[in-house]
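As numbered in mature numbering (1 follows the signal peptide of the UniProt record, and there is no 0), residues -27 to -1, 1 to 381 make up the sequence shown, in order.
Read through the structure below, which is laid out as structure tokens, and then see the notes.
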Amino acid sequence: MRCMTFAKKTGLVALLAIMVGGTTSFAADESGVIGQFRGDDPKSELSINYNDLSALLEQTVLDTGMSDRTEAGKARPTAGSRIIRGSTDTTRLEGNRIDFHSFLGGNLDVVKGLRDDLAKVPSVLPLNQLTRNEQLAYWLNLYNITLISQISEIFPETNLKKFYPSLWEEKVLTVAGTPLSLNDIHHKILIPKYKNPLIMYGLFQGVIGGPNIRPEAYTGRAIWDQLKDNAFEFINSNRGAFVRERILRASYFYEVNEALFPDFDRDVRRHLLKHAKPHFADKIMSGSTVVGTGQSNWYIADLYGGNRSKGSANTNGGALLLAFRTGSGAGAAGDAGGGAGGAVESAWIGSLSSKNMYQGRFPIHVIEYLNKQEIRNKKTRSGDVTIEEYDGADRIQGADKETDSDGQ
């Protein structure tokens, strides 16, 4: 099977609509935000088109649905070997996966081109001329595509712990003339600007133990629904939080975001309760008031666990990215000229259902993961995640104010 590549599309980020005359508002509580990224225009009708980014994510992200909180059993070595590849953590069968092998070689240049294209947007259109929702979608998309490009630079790797925090602190971006790192976006823009715990669930960390990467880009119109969906999945998984012997144990990622939880133990418990399923909420209520944050899984959220060789992995990844390159298939991104959409993703997942392909193409830790998803999907769901559109600008602003006002 030959290796496929994909080419950069023209107009990767398209600015839509016509700017309506209005005044830029500066909130007094944005003093902690880097200067040129303060303010917003609540009356703006401008939006940013991320169909190209969605097309890329649709073809490389495996959406696994909700966790059923079943802990993974003892990891097994590859047949005829004593070596166990991939994570041995009990959370290793949870969470979405992304095919980082697809970004090797020339494909990485396209990913970096998309990243750089997004980074240039504020030089053309100052972000304070956008609504808060549009700005939030912009920063989350830029953060995630930058993280993907950063991990792809060091790939293949199985465990990212040794790269923390250096990879997140590197000034890899220049936005509106300002050098930025991933941590700058996270802690010097997003947290002080929004002060809302939901934002943390939009920040993909590249590891199994973090919030999910979605098979779509964030958009200003759907941003809060997308973040609530990610929060619900994460909190109701063992990666996010669980109660054992009446002790509430939460992900290390809550400690990383402690600025969003001023009264940490109380605020984290309150936040988890708001998004927990009833059965889990009962456990939280009956558990200790102290929150432990030692839960983590630093293994890469790559479909193959970062184990396969560049050559063989790139061959498998090429079929997915061929659709992005040629615009074949059908899906939400089709009108952007990028995308293949659900047709190729469905064909890919369908092909993974073949036991022959399982045995012939995937190592045992991948087979275990895919078998688990197949069983879970039959029990819990069918189809893809859908996003409900807002009726108009008033509802968009209303959702923003509602979630910001209670800090949850």
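Glycine residues also receive a C-beta, built at the ideal position from the N, C-alpha and C atoms.
Other residues of its chain near residue i: CB distance less than 8 Å, five sequence neighbours each side excluded
| i | result |
| --- | --- |
| Ser261 | Arg219, Ile220 and Leu221 |
| Ala110 | Ile21, Tyr23, Ala190, Tyr191, Thr192, Gly193 and Ile196 |
| Tyr137 | Trp271 |
| Ser139 | none |
| Trp112 | Ile158, Ile162 and Leu163 |
Three-state secondary structure (DSSP) of residue i
| i | result |
| --- | --- |
| Arg212 | coil |
| Arg217 | strand |
| Ser40 | coil |
| Ser20 | strand |
| Leu77 | coil |
| Asp89 | helix |
| Val34 | strand |
| Pro95 | helix |
| Gly8 | helix |
| Tyr227 | helix |
| Asp236 | coil |
| Arg242 | helix |
| Glu142 | helix |
| residue 463 | Given that the chain is displayed from residue -27 to residue 381, the structure contains no residue 463 and the question cannot be resolved. |
| Ala204 | helix |
| Ala28 | helix |
| Ser355 | Residue placement at Ser355 is poorly supported in this model, since its pLDDT is 42, which falls under 50; the coordinates are not used for a value here. |
| Tyr137 | coil |
Residues bridged to residue i (per DSSP)
| i | result |
| --- | --- |
| Gly265 | Arg222 |
| Asp275 | Ile71 |
| Asn132 | Tyr272 |
| Val180 | Ile273 |
Beta strand (DSSP E) segment containing residue i, residue limits
| i | result |
| --- | --- |
| Pro152 | Thr151 to Leu153 |
| Thr147 | Leu146 to Val148 |
Residue range of the alpha helix (DSSP H) that includes residue i
| i | result |
| --- | --- |
| Ala110 | Arg105 to Ile127 |
| Tyr167 | Ile164 to Tyr167 |
| Ile257 | Pro251 to Ser259 |
| Leu171 | Per DSSP, Leu171 belongs to no alpha helix (DSSP H) and is neither H nor E. |
| Arg187 | Looking at the DSSP string, Arg187 is not in any alpha helix (DSSP H), and its letter there is neither H nor E. |
Spatial neighbours of residue i in its chain, beta-carbon cut-off 6 Å, leaving aside the 5 residues before and after
| i | result |
| --- | --- |
| Trp141 | Leu155 and Asn156 |
| Val216 | Lys256 and Gly260 |
| Thr225 | Checking the sequence shown, residue 225 turns out to be Tyr, not Thr. Closer than 6 Å at the Cβ level, and outside the excluded window around Tyr225, lie Thr266 and Ser269. |
| Pro184 | Tyr174, Asn203 and Phe207 |
| Glu232 | A quick correction: the sequence has Ala, not Glu, at residue 232. Closer than 6 Å at the Cβ level, and outside the excluded window around Ala232, lie Ile164. |
| Ile172 | Leu163 |
| Lys283 | In this prediction, Lys283 has a pLDDT of 41, which is less than 50 and means its spatial position is unreliable; what the coordinates show is noted afterwards. Closer than 6 Å at Cβ, skipping near neighbours: Leu77. |
| Gly182 | Arg212, Ser269 and Asn270 |
| Asp275 | Phe73 |
| Asp240 | Phe234 |
| Ser319 | A caution first: Ser319 carries a pLDDT of 36, below 50, which makes its placement in the model unreliable, though a value can still be read off. So no residue of the chain qualifies. |
| Pro188 | Leu30, Glu31, Val34 and Asp36 |
| Gly279 | Pro129, Glu130, Thr131 and Ile273 |
| Val264 | Leu221, Ala223, Asp238 and Val241 |
| Asn230 | Met173 |
| Glu143 | Ser154 |
Nonlocal neighbours in the same chain, by C-beta distance under 7 Å from residue i, ignoring five residues either side
| i | result |
| --- | --- |
| Ala10 | The question names Ala, but residue 10 in the sequence shown is Phe. Taken in chain order, the residues that qualify are Leu100 and Ile162. |
| Thr299 | For Thr299, the pLDDT reaches just 46, beneath the cut-off of 50, and the residue's location in the model is therefore unreliable, leaving the point undetermined. |
| Val145 | Thr119, Gln123 and Ser154 |
| Leu91 | Val(-15), Asn114, Leu115 and Ile118 |
| Thr151 | Ile7 and Gln9 |
| Gly179 | Leu120, Ile124, Leu133, Ile273 and Ala274 |
| Phe205 | His248 |
| Val148 | Ala92 and Pro95 |
Chain B contact for residue i (CB, 8 Å cutoff)
| i | result |
| --- | --- |
| Gly150 | This model lacks chain B altogether, as it is built from one protein chain only. |
Legend entry - the segment 121 to 137 in contact with the segment 72 to 83 per 3-pair CB rule at 8 Å: Contact between the segment 121 to 137 and the segment 72 to 83 is present, because at least three Cβ pairs lie under 8 Å.
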